[in-house]
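Down below is the structure, laid out as structure tokens.
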Amino acid sequence: MSDKRSSKRKKQDPVRPSPAELRWWQPALVVAVSLLCYLQTTGFDFVWDDNLQILQNDRIQSFTNFYKVFSERFWGFMGSTWHYYRPLHTVSYMLFYAVGGPSPAFFHWMNILLGALTGLAGFRLAYVLFRNARIALWGSLLFAVHPMHTENIAWIAGITDLGCGLFYFLSLTVYVRSANASRRWFRLCISAVFFLAALLFKETAVTLPLLAFIMDFVFRQKNNPISWRDRILRLVPFALAFMSYLGLRYHALGTLAEEGRQVSMGAADWVLSILYLIALYVTKLVIPVGHIAYRAFKPFSQLSFAEWGPPILLLAIAIWATYRFLRKDHKLLFLASWFFLTLSPVLFISSVGQNVFCERYLYIPSFGFCLLLAVLAEQNKQIWARKSSLIAGIAILTVLGVLTIRRTYVWSDDRTLIQTTLGFSPDIIKVHQQAGIEYYKNGNLDRALEEFQLALKAEERIFFRSPENRHNSLIGIGAVHLQAKRFQQALDAAFEARDLNPKGERAHALIGEIKSAQGETDEAIKHFTKALSINPSDSYTRINLANVLLGRGEPQQAEQHFRSVFRSHPEIYEAHLGLAMCLAQLGRKDEARAIAEKVLALEPANPEMKNLLLQLK
Numbered sequence: 026m027s028d029k030r031s032s033k034r035k036k037q038d039p040v041r042p043s044p045a046e047l048r049w050w051q052p053a054l055v056v057a058v059s060l061l062c063y064l065q066t067t068g069f070d071f072v073w074d075d076n077l078q079i080l081q082n083d084r085i086q087s088f089t090n091f092y093k094v095f096s097e098r099f100w101g102f103m104g105s106t107w108h109y110y111r112p113l114h115t116v117s118y119m120l121f122y123a124v125g126g127p128s129p130a131f132f133h134w135m136n137i138l139l140g141a142l143t144g145l146a147g148f149r150l151a152y153v154l155f156r157n158a159r160i161a162l163w164g165s166l167l168f169a170v171h172p173m174h175t176e177n178i179a180w181i182a183g184i185t186d187l188g189c190g191l192f193y194f195l196s197l198t199v200y201v202r203s204a205n206a207s208r209r210w211f212r213l214c215i216s217a218v219f220f221l222a223a224l225l226f227k228e229t230a231v232t233l234p235l236l237a238f239i240m241d242f243v244f245r246q247k248n249n250p251i252s253w254r255d256r257i258l259r260l261v262p263f264a265l266a267f268m269s270y271l272g273l274r275y276h277a278l279g280t281l282a283e284e285g286r287q288v289s290m291g292a293a294d295w296v297l298s299i300l301y302l303i304a305l306y307v308t309k310l311v312i313p314v315g316h317i318a319y320r321a322f323k324p325f326s327q328l329s330f331a332e333w334g335p336p337i338l339l340l341a342i343a344i345w346a347t348y349r350f351l352r353k354d355h356k357l358l359f360l361a362s363w364f365f366l367t368l369s370p371v372l373f374i375s376s377v378g379q380n381v382f383c384e385r386y387l388y389i390p391s392f393g394f395c396l397l398l399a400v401l402a403e404q405n406k407q408i409w410a411r412k413s414s415l416i417a418g419i420a421i422l423t424v425l426g427v428l429t430i431r432r433t434y435v436w437s438d439d440r441t442l443i444q445t446t447l448g449f450s451p452d453i454i455k456v457h458q459q460a461g462i463e464y465y466k467n468g469n470l471d472r473a474l475e476e477f478q479l480a481l482k483a484e485e486r487i488f489f490r491s492p493e494n495r496h497n498s499l500i501g502i503g504a505v506h507l508q509a510k511r512f513q514q515a516l517d518a519a520f521e522a523r524d525l526n527p528k529g530e531r532a533h534a535l536i537g538e539i540k541s542a543q544g545e546t547d548e549a550i551k552h553f554t555k556a557l558s559i560n561p562s563d564s565y566t567r568i569n570l571a572n573v574l575l576g577r578g579e580p581q582q583a584e585q586h587f588r589s590v591f592r593s594h595p596e597i598y599e600a601h602l603g604l605a606m607c608l609a610q611l612g613r614k615d616e617a618r619a620i621a622e623k624v625l626a627l628e629p630a631n632p633e634m635k636n637l638l639l640q641l642k
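Be aware that the sequence shown starts at 26, since it is given in our numbering, and climbs by one per residue.
What follows is the structure, given as structure tokens:
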């Protein structure tokens, strides 16, 4: 009789799914949560570098530039000498622009979807490593909602980390699966191709082969040993991919690495500063509050105890906990080391540029931390037997998700970003410059001048000074004085900017505008032509040159420049107006009328086009 009761009880008890069992809703949930955290960003504007990289980048407007993208530096469309080589960043913009045009909503949608795909790739990698769907689910959910990722997804220019992360995770997934596959070398080659794609999105993917090599030790099954010779041979496709990357990079830049800045710090200060940076990243990872898009760097010797004390203490606790609780478990130790290994490329203070500390650098490193927490929870299996623990886990994800949604609004528009950043870090030069630009656009010349002057003063206070920063501030000051018709002060600022960077086009373009305003057309044409010889894709300088030529009664030459801008940037209104006026002066009134009517169909209240159309009747 007892056997019958036991049998009856077994039939009534629900069968709990194995934690290793994959179900369709698990990856779907990761994608859904990722989408929910960032849907509001589709209403955001282009912010910060987005305006340059998308609206002023003629490279992304045609696939005929595909070869050019791989054969020049990332900022080549501006004539810049910055040593960024990220061709897939530009190619992704090409694809988005071809489908959605210059629509910020469409670009934001692409970032959201790419972020969701990266979370999905992280889920797959976690499952391949641990063969446990519950670990993969909780680890990738935590990765999806972590507030430190808002800059990567809410800011369109953050796509470089998303693309790098996607191919980084895919490469490692295929690499792990190649161990027991019959077509091992084919899988290894696919993994190497993904590695190359990650590198072409961002240089920090260089850490991937090291992680793969360590994974062969940590995650190798005992019944499937591997010799040292095989371990080395498995890295050969990565070596070939990396050599291909170096070849492409050298062809485009003429060098393999940017020359580091001269840093006037002693050895002890250097080491302590790096330690402090690591501590800051650990703090942001564990306590993800207080978003700061840009932070001015100060060496350790210039920090107060209140600044370095709490982060260093938290780092010490993290190191102690790792040694105390994780050192005997190689897999957990690997996940802890993932954070430090993938973060290492951005710890070279002299070579990472002006942004020594940026929260967006945490994107790939944070995955190891999220997965570590999921594995630790799974090892304490008794907690899963309690509904209260499950509710607590959901609550934590909810709180983090709410923080993420709130943080995204920092990137909603330039004004919000500027106000938020300056509130935390008033010595960020580029933020003052951007504030000056916004005030200038709105016609508030006094506030614009004040912001550019604040940028100059901040340059004198910060540790890493840059001629480029001073140059840009002087250009802003010169533009404000020109708008206020203070021509001599405008020229003084423009000439100083030119002396700081003789190879830059912006100072020559500004001098051309000033000379044009003073009626010195020969000098204006000389400087506009010089600026265009440096950067032929500068549309507004080309329009200014065409206007001067048109004013001098040279419509044939002016037409060539207007048409050049008209073809490459049809969204620029000044090109339509200038070309219509040019054609009218040449007596081709029907063509001029067609352009004016086309503009008025889109902007019926446009006064300049209405006036031109009246003259043509």
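Quick reminder that beta carbons are idealized off the backbone N, C-alpha and C, glycines included.
- Query: Among the residues of its own chain, which have a CB less than 8 Å from the CB of R490, if the five just before and after it don't count?
  - Reply: E484
- Item | Touch test, the region 270-281 against the region 341-356, Cβ-Cβ under 8 Å, three pairs minimum | no
- T660: buried (16+ other C-beta within 10 angstroms of its C-beta) or exposed? Outside the displayed range of the chain (26 to 642) lies residue 660, so it cannot be described from this structure.
- Query: What is the DSSP secondary structure of A532, counted as helix, strand or coil?
  - Reply: helix
- Would you mind sorting D439 into buried or exposed? The rule is 16 or more other CB atoms within 10 Å of its CB. buried
- Query: Which class does Q327 belong to by DSSP, given the choice of helix, strand or coil?
  - Reply: helix
- Which of helix, strand or coil does DSSP assign to Q610? helix
- Near L340, what residues of its chain come up, given a Cβ to Cβ distance below 7 Å and the 5 sequence neighbours on each side ignored? I303, A304, V307
- Beta-carbon proximity list for G190, same chain, < 6 Å, skipping 5 on both sides: T143, Y388, I389
- Task: Please classify G393: is it buried, with 16 or more other beta-carbons within 10 angstroms of its beta-carbon, or exposed?
- Result: buried
- Task: Report yes or no: do three or more beta-carbon pairs, one from the region 90-99 and one from the region 464-471, lie closer than 8 Å?
- Result: no
- Just the Cα atoms here: how many angstroms apart are C62 and F512? 50 Å
- Query: Going along the chain, which unbroken runs of the alpha helix (DSSP H) with 4 or more residues stay wholly within the region 146-208?
  - Reply: 158-170, 175-179, 184-202
- Item | Status (buried if at least 16 other CB within 10 Å, exposed otherwise) for L118 | Rather than Leu, the amino acid found at residue 118 in this sequence is Tyr. It counts as buried.
- Task: Leaving aside the five residues before and after E616 along the sequence, list all residues of the same chain whose C-beta is less than 6 Å from its C-beta, in chain order.
- Result: L608
- Query: Between S17 and R320, is the Cβ-Cβ spacing less than 8 Å?
  - Reply: Because the chain is modelled from 26 through 642, residue 17 falls outside the range shown and cannot be assessed.
- Message: So, with DSSP's three-state summary, where would you put V624?
- Response: helix
- Starting from Q459, follow the alpha helix (DSSP H) in both directions and report where the run begins and ends. 454-466
- Which listed residue (F102, K323, A161, Y122) has its alpha carbon closest to that of W49: A161
- Under three-state DSSP, which class holds T280? coil
- Item | Assigned secondary structure, D439 (DSSP; H/G/I helix, E/B strand, else coil) | helix
- L358 vs V400 beta-carbon contact at 8 Å: no
- Message: Tell me which residues share the same chain as L397 and place their Cβ nearer than 7 Å to its Cβ, disregarding the 5 neighbours each side in the sequence.
- Response: L357, L360, A361
- Query: Mind checking whether L145 and V55 have CB atoms under 8 Å apart?
  - Reply: yes
- Message: If I measure Cβ to Cβ from N380 and keep anything under 7 Å in the same chain, skipping five residues before and after, which residues do I get?
- Response: Y319
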